[in-house]
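Visitor:
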Amino acid sequence: MTTEQTTGTDLLGLLKGVDAFTHKIFPESAELFGELANGQAPHTLFITCADSRVVPEMITQTQPGELFVCRNIGNMVPGYGEMLGGVSAVVEYAIMVLGVRQVVVCGHSDCGAMKGLLAPASTRDMHTVQAWLRNAEAARSAVFARHLEDDEALRALIEENVRLQLTHLRTHPSVAAGLGEKRLALQGWVYDIEHGKVTVLDNASDTFISLDEAIARESAR
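What the sequence shown shows, in the numbering used here, is residues -1 to 219, in sequence order.
1) Assuming V85 and N70 form a contact by the criterion Cβ under 8 Å, report the distance between their Cβ atoms to the nearest whole angstrom.
2) Evaluate T205 with the Cβ neighbour count: other Cβ atoms within 10 Å of its Cβ, from every protein chain shown; 16 or more gives buried, anything less gives exposed.
3) Closer than 8 Å by C-beta to V160: which residues in its own chain qualify, once you throw out the five before and the five after it? Chain order, please.
4) Alpha carbon to alpha carbon, how far is V67 from F44? Give it in angstroms, no decimals.
5) Between which two residues does the alpha helix (DSSP H) carrying T165 extend?
6) Considering Cα atoms alone, identify which of L177, M112, L155 and Y91 is closest to L131.
7) Applying the 10 Å Cβ sphere with the 16-neighbour rule, what's the burial state of A18?
8) Quick check: V98 and P54, are their CB atoms within less than 8 Å of each other?
9) Compute the Euclidean distance between the alpha carbons of L30 and G63, then round it to the nearest angstrom.
10) Secondary structure at H106, three-state DSSP: helix, strand or coil?
11) Measure the Cβ-Cβ separation of V75 and L167 and say whether it is below 8 Å.
12) Whose CA, out of Q59, K14, D8 and A87, lies closest to the CA of V173?
13) Ends of the beta strand (DSSP E) at F142?
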């Protein structure tokens, strides 16, 4: 099969998927989409990786209109004033216009961006990617200093990157104001693709805890 044929087949599959949505899925939620047609009021800004294996709405079991999703390689958030662009605009809009009440930064297992940070030579021909990955350089340096084995280093970097991006988030004026006025909460997650589990960053201990423990703590507030 030629490349052209492969692409055509893939596009055909997508088109058929849209057709199935239009005629089978959409009618079941027509009332919901009718309401959403007039505006949105998501409760959460969900910042995660562009990885095709990470599906925010599936992981969180949320409906259309609940999550305002920002995806990029490595679930990065440049610090305010650095690389102003899509991510910074999303953060500002979500908080100042949509009024989201929480921001989640969600990393994931087997992250290609983190692998690239651990092996810089693998991205040497991708200059834009290399420039983007600099947003996680501090996380890489922190993990390298621990001299971990490969698998341990990757896991540690995935977690450290979530911590770092939350730190970057706090430099954004809209986030700082929301936190100061106690109308905004931040949380860091790591999603385990193989096991379908999420661990949550506990701000008090700066460690990742189980989902059950995180639910118990949130419920007790």
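Note that the Cβ used here is the ideal one computed from N, Cα and C, for glycine as well. Because the structure is a prediction, the values reported are computed rather than measured.
Guide: Put simply:
1) Translated into positions along the sequence shown, residue 85 becomes position 87. Translated into positions along the sequence shown, residue 70 becomes position 72. At roughly 6 Å, the Cβ-Cβ gap stays under 8 Å, so V85 and N70 are in contact.
2) As a first step, residue 205 must be located in the sequence shown, where it is residue number 207. So T205 counts as exposed.
3) The residue given as residue 160 occupies position 162 in the sequence shown. Here the set comprises N73, V103, C104, G105, G186, W187, V188 and L199.
4) Walking along the sequence shown from the start, residue 44 turns up at place 46. Walking along the sequence shown from the start, residue 67 turns up at place 69. Cα atoms of F44 and V67: separation of roughly 5 Å, rounded to the nearest angstrom.
5) Within the sequence shown, numbered from 1, the residue matching residue 165 stands at position 167. D148 to L167 is the span of the alpha helix (DSSP H), which, as asked, contains T165.
6) Along the sequence shown, read from residue 1 onward, the residue named residue 131 stands at position 133. Taking only the C-alpha atoms, the option nearest L131 is M112.
7) In the sequence shown, the residue the question calls residue 18 occupies position 20. Within a 10 Å sphere around the beta-carbon of A18 sit fewer than 16 other beta-carbons, which makes this residue exposed.
8) For the purposes of this step, residue 98 is taken as residue 100 along the sequence shown, with counting starting at 1. For the purposes of this step, residue 54 is taken as residue 56 along the sequence shown, with counting starting at 1. Taking 8 Å as the Cβ cut-off, V98 and P54 do not qualify as a contacting pair.
9) If you number the sequence shown from 1, residue 30 lands on position 32. If you number the sequence shown from 1, residue 63 lands on position 65. Using only the alpha carbons, I get a separation of about 9 Å.
10) As a working note, residue 106 is residue 108 in the sequence shown. Strand.
11) In the sequence shown, the residue the question calls residue 75 occupies position 77. In the sequence shown, the residue the question calls residue 167 occupies position 169. Their beta carbons are under 8 Å apart, which means V75 touches L167 by this criterion.
12) For the purposes of this step, residue 173 is taken as the residue at position 175 of the sequence shown. When only C-alpha atoms are compared, the closest one is A87.
13) Stepping through the sequence shown from its first residue, residue 142 is reached at position 144. Taken as a continuous stretch (DSSP letters only), F142 belongs to no beta strand (DSSP E), being part of the alpha helix (DSSP H) at E135 to F142.
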